[in-house]
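Asker:
Number of protein chains: 2
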Amino acid sequence: MPLGERYVGDKSESRYCGVETDFDDDMTNLLSFNIHGGFDFLLATLMNPDYRPSLLGDDTSISHALPFAGSDLVLSPSQWNSHVVGKISSWIDLDSDDETIRKDSEIALKQEIAWASHLSLQACLLPTPKGTSCANYAKCLNQILQNLGSMQLWLRIQLDDSEYDAEERNPDHMGEGQIDSWELWNSFRLICEHHDHLSVALDILSSLPSSSSVGRWFGEPVRAAIINTNSFLTNARGYPCLSKRHQTLTTAFFNHSVQIVITGRPVHNIPVGASGSSGENPIEGGWRHPLRSYLDYLAYLYQKMDPLPEQERFELGYRDYLQSPLQPLMDNLEAQTYETFEKDTIKYSQYQRAVAKALVDRVPDENATSVTTVLMVVGAGRGPLVRASLQAAEETERKLKIYAVEKNPNAVVTLHSLVKLEGWEEIVTIVSSDMRDWDAPEKADILVSELLGSFGDNELSPECLDGAQRFLKEDGISIPSSYTSFIQPVTACKLYNDIKSHKDLVHFETAYVVKLHRVARLAHNQPVFTFTHPEYSTKKSNQRYKKLLFNIPSDTGSALVHGFAGYFDATLYKDVHLGIEPSTATPNMFSWFPIFFPLRAPVCVQPGNPLEVHFWRCCGPTKVWYEWCVTSPSASPMHNTNGRSYWVGL
Amino acid sequence: MPLGERYVGDKSESRYCGVETDFDDDMTNLLSFNIHGGFDFLLATLMNPDYRPSLLGDDTSISHALPFAGSDLVLSPSQWNSHVVGKISSWIDLDSDDETIRKDSEIALKQEIAWASHLSLQACLLPTPKGTSCANYAKCLNQILQNLGSMQLWLRIQLDDSEYDAEERNPDHMGEGQIDSWELWNSFRLICEHHDHLSVALDILSSLPSSSSVGRWFGEPVRAAIINTNSFLTNARGYPCLSKRHQTLTTAFFNHSVQIVITGRPVHNIPVGASGSSGENPIEGGWRHPLRSYLDYLAYLYQKMDPLPEQERFELGYRDYLQSPLQPLMDNLEAQTYETFEKDTIKYSQYQRAVAKALVDRVPDENATSVTTVLMVVGAGRGPLVRASLQAAEETERKLKIYAVEKNPNAVVTLHSLVKLEGWEEIVTIVSSDMRDWDAPEKADILVSELLGSFGDNELSPECLDGAQRFLKEDGISIPSSYTSFIQPVTACKLYNDIKSHKDLVHFETAYVVKLHRVARLAHNQPVFTFTHPEYSTKKSNQRYKKLLFNIPSDTGSALVHGFAGYFDATLYKDVHLGIEPSTATPNMFSWFPIFFPLRAPVCVQPGNPLEVHFWRCCGPTKVWYEWCVTSPSASPMHNTNGRSYWVGL
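Residue numbers (the UniProt record's numbering), protein chains in the order written: chain A, 1 to 650; chain B, 1 to 650.
1. Residues in the same chain with beta-carbon distance under 6 angstroms from A388(B), minus the five sequence neighbours each way, listed in chain order, please.
2. Note down, in chain order, all residues in the region 134-145 of chain A with a beta-carbon under 9 angstroms from any beta-carbon belonging to chain B.
3. Could you please give the first and the last residue of the uninterrupted alpha helix (DSSP H) stretch that includes V371(B)?
4. Would you kindly check if the distance between the Cβ of L298(B) and the Cβ of I260(B) is under 8 angstroms?
5. Quick one: is W616(A) near chain B, going by C-beta distance under 8 angstroms?
6. Does D475(A) come out as helix, strand or coil in the three-state DSSP assignment?
7. Should C493(A) be flagged as near chain B, meaning a C-beta pair shorter than 8 angstroms?
8. Could you say which of V412(B), L155(B), S206(B) and C241(B) lies nearest to D196(B) if we only look at CA atoms?
9. Which of the three DSSP states is assigned to G177(B) in this structure?
10. Could you tell me which chain B residues have their CB closer than 8 angstroms to the CB of M151(A), listed as they occur along the chain?
11. Give me, in chain order, the residues of the same chain whose beta-carbon lies closer than 7 angstroms to that of E397(B); leave out the 5 immediate sequence neighbours on both sides.
12. I need the straight-line Cα distance from P171(B) to L184(B), nearest angstrom please.
13. Does DSSP put R436(A) in a helix, a strand or coil?
14. Assign L516(B) to buried or exposed, taking buried as 16 or more other Cβ atoms, counted over all protein chains shown, within 10 Å of its Cβ.
15. Let me know the beta strand (DSSP E) ranges lying completely inside the region 445-516 of chain B, each 3 residues or longer, listed in chain order.
16. Give a yes or no on whether the minimum CB-CB distance between K547(A) and chain B is below 8 angstroms.
17. Under 8 angstroms, CB to CB, which of the residues in the region 189-210 of chain A have a partner in chain B?
18. Given 8 angstroms as the limit, is there contact between the region 467-482 of chain B and the region 541-560 of chain B, that is, 3 or more CB pairs closer than that?
19. Against chain A, with Cβ distances strictly below 8 angstroms, would E509(B) count as a contact?
20. With a Cβ-Cβ cutoff of 8 angstroms, do Y7(B) and R313(B) count as a contact?
21. Please list, in chain order, the chain A residues whose beta carbon lies closer than 7 angstroms to that of T631(B).
22. Ignoring anything shorter than 3 residues, give me the beta strand (DSSP E) runs that lie fully in the region 384-441 of chain B, in order along the chain.
23. Roughly how many whole angstroms lie between the Cα atoms of K401(B) and E426(B)?
24. From the DSSP secondary-structure annotation, give me the bridge partner or partners of T234(B).
25. Are the CB atoms of G566(A) and P594(A) within a distance shorter than 8 angstroms?
26. Of all the options T372(A), D25(A), V624(A) and I227(A), which has the alpha carbon lying nearest to the alpha carbon of D203(A)?
27. Can you pull the chain A residues whose beta carbon is under 7 angstroms from the beta carbon of P637(B), in chain order?
28. Can you list, in chain order, the residues of its chain with a C-beta nearer than 7 angstroms to that of R189(A)? Leave out the 5 residues immediately preceding and following it.
29. Under three-state DSSP, which class holds E74(A)?
30. Residue range of the beta strand (DSSP E) that Q122(A) falls in?
31. Identify the contact partners of A601(A) in chain B, using a Cβ-Cβ distance below 7 angstroms as the criterion.
32. Considering only C-alpha positions, which residue in the set D457(A), N332(A) and E394(A) is nearest to G381(A)?
33. Is it right to say S622(A) is buried, meaning 16 or more other beta carbons lie within 10 angstroms of its own, or is it exposed?
34. Can you list, in chain order, the residues of its chain whose CB lies under 7 angstroms from that of A523(A), leaving out five sequence neighbours each side?
35. For a contact meaning CB atoms closer than 9 angstroms, what does E220(A) contact in chain B?
36. V648(A) by DSSP, collapsed to three states: which one?
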């Protein structure tokens with residue numbers, strides 16, 4: 001039965017807990033024993049471990065039945081499908097120096113996967129590659145993957161605790177056995193071209209690598225974490241528990257839909273007669289599964305997690321889902337889009353704070369009743385910034401005259417009705433025009449806009465405000481007064497695969513808005529482009545070029561970069577800011593997901609080697625676009641040359 | 001006028017020699033001076049070197065004419081096109097830290113290339129990247145390349161003489177300025193995605209790098225070599241000459257269609273009144289171009305080269321031209337193909353030697369008249385191996401009975417008429433059958449076949465001979481008795497670009513037969529697969545797997561691997577062999593060009609790091625295919641999984 005329910009209707013796969021079992025001819029009993037014991041599924045060896053194809057003899061005239069554990073009839077199709085993950089024979093070693101073992105391995109691997117496929121299992125667990133080489137294993141598996149149907153293959157990889165520093169990593173100094181298991185996985189999946197049916201099951205040992213090293217796995221397709229009973233500690237009452245670091249890791253797995261599997265023999269002597277920590281009654285008159293106390297502990301961890309905030313639950317469906325950025329300048333937004341963004345009260349309260357501060361700075365208390373400040377909202381949409389500005393005026397007791405400029409005629413309709421409804425006719429003048437063309441009747445003291453995209457300037461705020469700046473007084477204030485974009489390199493297997501599935505160049509040269517979840521952030525953010533408003537310099541240009549050097553912490557080990565996560569931070573006015581850059585992000589604001597710039601070919605970075613990246617913001621007569629490339633550790637092709645794949649229309 | 005003629009109708013571009021000139025407003029005179037002086041083309045600065053866009057001022061209402069050297073009318077279109085390579089201003093520095101220089105550079109670069117394009121020049125020379133970074137330069141050029149038409153852009157790169165060893169190359173030990181110019185070029189062209197209008201002009205200095213390092217350039221699109229007058233030595237008579245190593249390099253350039261350009265001031269004082277070493281009369285009453293003696297020396301070097309052998313001349317058109325390998329098993333060869341291959345007398349004389357040795361070994365002299373050896377030619381085609389075998393019998397005075405087995409019914413027609421014409425009816429029995437199906441009336445002493453492809457087993461010799469082995473006596477001899485394939489990593493820009501132009505995966509996963517020419521061989525050949533005949537082991541299989549580790553000589557520097565050149569060597573009988581593996585190749589044999597296995601993404605190998613490569617020969621019920629991948633320095637995807645792109649039909 002599931003570990004718990006984190007919220008009503010919890011559908012996370014990580015609620016289901018499995019148990020690894022030994023080979024057993026009696027599959028019916030094996031399943032029933034473990035399901036009644038509280039587990040949701042088995043990691044079950046399908047083939048007798050003594051079987052070796054080469055021992056069968058050459059007499060092909062006799063039909064041999066392969067020594068699988070029972071026929072397909074011993075379980076119902078739905079039992080096979082829901083409760084059994086097939087465990088491929090662990091003796092298999094496709095990169096053995098012994099050719100007989102290699103050939104036996106290839107035959108057995110194909111037979112077992114074919115059988116698992118015949119049973120419609122959801123997944124198979126593949127044995128850990130032995131040694132440091134895995135090319136032949138990867139080659140055979142890659143052949144199998146081409147015709148596999150929907151079954152997932154979980155490659156079993158040990159989460160090893162070897163620590164890395166640049167010195168040790170020198171190939172001359174590194175011994176044969178010392179290979180980072182992530183690198184083994186990385187070679188494997190590069191050979192298999194990130195096949196999306198190939199994923200990882202991590203063996204969790206009693207000691208853990210550095211958190212930077214572990215962190216890499218959260219950008220990978222990890223489906224299961226196998227925890228051995230001897231990785232558990234013992235608490236004061238004699239029950240199994242996990243170290244703080246293991247607890248944190250387990251919780252992170254729960255958060256990333258990773259299923260936990262218990263393996264090993266019970267090594268804790270639970271006091272006789274004690275009931276499970278879950279408080280449930282033991283099944284069938286006191287009988288308890290020998291591993292029940294481990295399961296109970298995991299259920300306790302699951303249930304102890306903070307409930308998922310409503311906003312997070314709402315965004316569950318958006319996790320790692322790639323969206324094309326809006327083009328609010330070229331396209332007119334729809335009512336539903338306005339509706340969604342207007343609900344972001346935090347954003348508007350920040351604007352209100354900024355306008356309030358600007359009003360107070362501009363009009364001293366003694367002039368509050370005599371001076372009317374001219375404020376223009378450019379890109380007024382359906383009016384939320386007009387409302388925020390009016391509230392700021394009320395709060396500061398300043399007099400305001402507002403021009404609400406909006407180019408979308410559909411939004412203007414709603415704006416008119418809002419002004420009428422609220423009785424703002426005396427204060428607010430609605431202008432149905434593109435701010436770049438409008439001939440303003442007077443100049444503004446304050447220019448308020450919200451034209452920011454996830455990457456700051458990517459919805460052409462600079463170009464729009466350049467146009468609007470004409471009607472700002474020379475000492476006038478722009479809110480926002482500046483904004484800066486940020487990027488950081490990430491491992492993001494899921495995003496890479498989604499982009500790759502389009503099988504074209506265009507999708508690899510497009511930036512996406514995406515709620516990043518299954519992502520490993522490999523280095524700190526760095527600022528990219530900054531724009532300041534107003535900007536009166538004579539040689540101004542909105543073109544930008546930035547070279548960035550990222551140093552990935554050396555205890556990470558090697559890492560694969562699938563692209564760059566992008567964010568922005570905007571200074572609205574003085575100390576009032578707004579943004580999604582993780583270290584300074586405005587809490588509880590939901591208008592912006594991060595942006596993601598993919599790389600056409602993922603770049604592998606070795607410890608101690610910096611990652612050098614270049615970003616350009618390019619401007620043409622009808623469009624603005626980004627180009628990007630990597631030049632170190634090796635040069636990538638230029639992405640999005642001349643904006644061929646992705647651009648923002650002016 | 002051209003440097004010479006290596007053979008009648010010599011069309012090599014390297015016959016034409018250029019001269020680099022300073023900026024000169026009077027282009028008409030400049031051209032006439034140099035053409036009359038004996039040069040074929042100019043490397044001419046087009047724009048006044050004092051020009052900087054930012055100095056023009058902001059007044060855009062005044063129309064400025066850019067300070068180009070005269071209007072397009074000063075030369076005729078054909079003069080511009082045939083005799084001028086435009087030299088882009090050398091002050092241009094797109095990666096300067098100074099933003100004004102960067103912006104000026106971008107504007108000027110675009111203006112000058114647009115002007116050169118307007119003049120329909122064949123090529124422009126681009127200034128050497130300054131410093132170690134070139135991303136912004138590459139980005140601008142890449143934008144320009146997308147809309148360039150047919151003009152070539154030659155990036156000027158200094159052939160520097162920095163020597164490399166693994167120690168120095170450690171990024172921690174390497175200073176800012178120490179960058180291998182090849183690496184600069186490599187980054188540049190990777191960013192520009194191997195654009196085929198981007199090529200190289202090499203500046204040749206007085207000292208040269210190691211020959212491994214220089215060798216890399218022969219896989220690159222080098223169009224010109226610019227030799228400074230001060231790189232010349234002085235001979236006993238006071239004339240300019242080149243060092244031995246420079247001579248070798250220059251000859252190699254001539255052989256690779258690289259044009260030489262002379263630059264610099266005359267630094268040799270030629271004795272007054274002396275005539276040119278070419279023996280021609282000086283032009284216009286004793287007037288000689290000040291650089292004439294350098295030109296004459298180059299002409300001397302050109303004319304001194306060995307004349308191109310007829311075979312090489314015949315193969316000129318095949319250089320670096322990708323062909324699909326033959327499928328003689330699945331398809332029937334055409335008459336023309338037989339015709340071509342039958343002309344390879346060397347090949348058949350090797351077969352004759354092998355058969356002769358086998359006959360003598362098999363039948364002692366004393367039995368020469370009493371014993372008749374049964375020899376079967378399997379894959380007899382139109383009969384050349386039958387003839388070779390009969391000649392061997394005649395030479396050794398042994399008695400022979402021949403079965404000529406051929407599955408192509410069209411070749412059998414010709415075979416019949418040959419036997420009749422030659423009066424071989426008593427000796428030769430023609431069998432129109434696939435050797436794998438034929439039910440032989442008796443067993444053979446000697447089985448002769450020539451089923452070898454460029455990669456040995458790639459035309460399915462193993463599978464065919466497995467079939468034919470049934471009718472070989474237990475102690476019988478197979479000619480060939482074994483064959484081995486070999487590969488080596490190569491830089492091969494031209495081949496890579498030709499494959500890339502198909503814009504699909506299939507062409508990157510196909511092996512090609514190709515006369516390799518513009519190729520840098522980066523490491524020694526290594527053996528891949530060996531097949532031996534006859535083969536009686538019970539567990540025999542024609543599947544193969546080989547892991548290879550290539551160490552690129554450390555004085556090469558970094559190198560880019562576009563794929564693998566493949567060869568074979570066959571032991572026909574005892575010490576008689578036949579093959580194209582370069583170190584042991586049979587001289588003057590032309591039946592096989594090498595094979596080329598491409599890589600989907602070229603792999604960059606750093607000095608001191610080995611290149612690990614895996615090759616598989618896979619066999620299915622209807623086809624045989626290869627798969628290949630690289631696992632070090634980083635893992636490539638598997639190529640040709642399940643033979644999806646390229647296979648040989650059974």
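C-beta: ideal position from N, C-alpha, C; glycine also.
Answerer: Looking at the atomic coordinates:
1. Y348, Y351 and Q352
2. Per Cβ criterion, the list reads C134, A135, N136, A138, K139, N142, Q143 and L145.
3. First-last for V371(B): undefined, no H or E at that position.
4. yes
5. yes
6. strand
7. no
8. L155(B)
9. The pLDDT assigned to G177(B) is 48, lower than 50, so where the model puts this residue is not dependable; a value taken from the coordinates is nonetheless given after this. Three-state DSSP puts G177(B) in coil, outside helix and strand.
10. Scanning chain B for C-beta atoms nearer than 8 angstroms to the C-beta of M151(A) yields nothing, as the closest lies near 18 angstroms away.
11. A368
12. With a pLDDT of only 46 at P171(B), under 50, the local geometry of the prediction cannot be trusted, and the value read off the model is given with reservation. Looking at the two C-alpha atoms, the distance is approximately 15 angstroms.
13. coil
14. buried
15. 472-479 and 482-491
16. yes
17. Per Cβ criterion, the list reads L190, I191, C192 and E193.
18. Result no; under three Cβ-Cβ pairs closer than 8 angstroms.
19. no
20. yes
21. A135 and S187
22. 399-406 and 428-432
23. 8 angstroms
24. P240(B)
25. Contact flag set, yes.
26. I227(A)
27. L190, I191 and E193
28. L198
29. This sequence places Val at residue 74(A); Glu is not what is there. Reduced to three states, the DSSP call for V74(A) is helix.
30. Element bounds for Q122(A): n/a, residue is neither H nor E.
31. A601
32. The shortest C-alpha to C-alpha distance from G381(A) to any of D457(A), N332(A) and E394(A) is the one to N332(A).
33. Here residue 622(A) turns out to be Thr, not Ser, going by the sequence shown. Under this definition T622(A) is an exposed residue.
34. Hits under 7 angstroms: Q488, P489, F550, N551 and I552.
35. Those within 9 angstroms of E220(A) in chain B number zero; the least Cβ separation is about 15 angstroms.
36. strand
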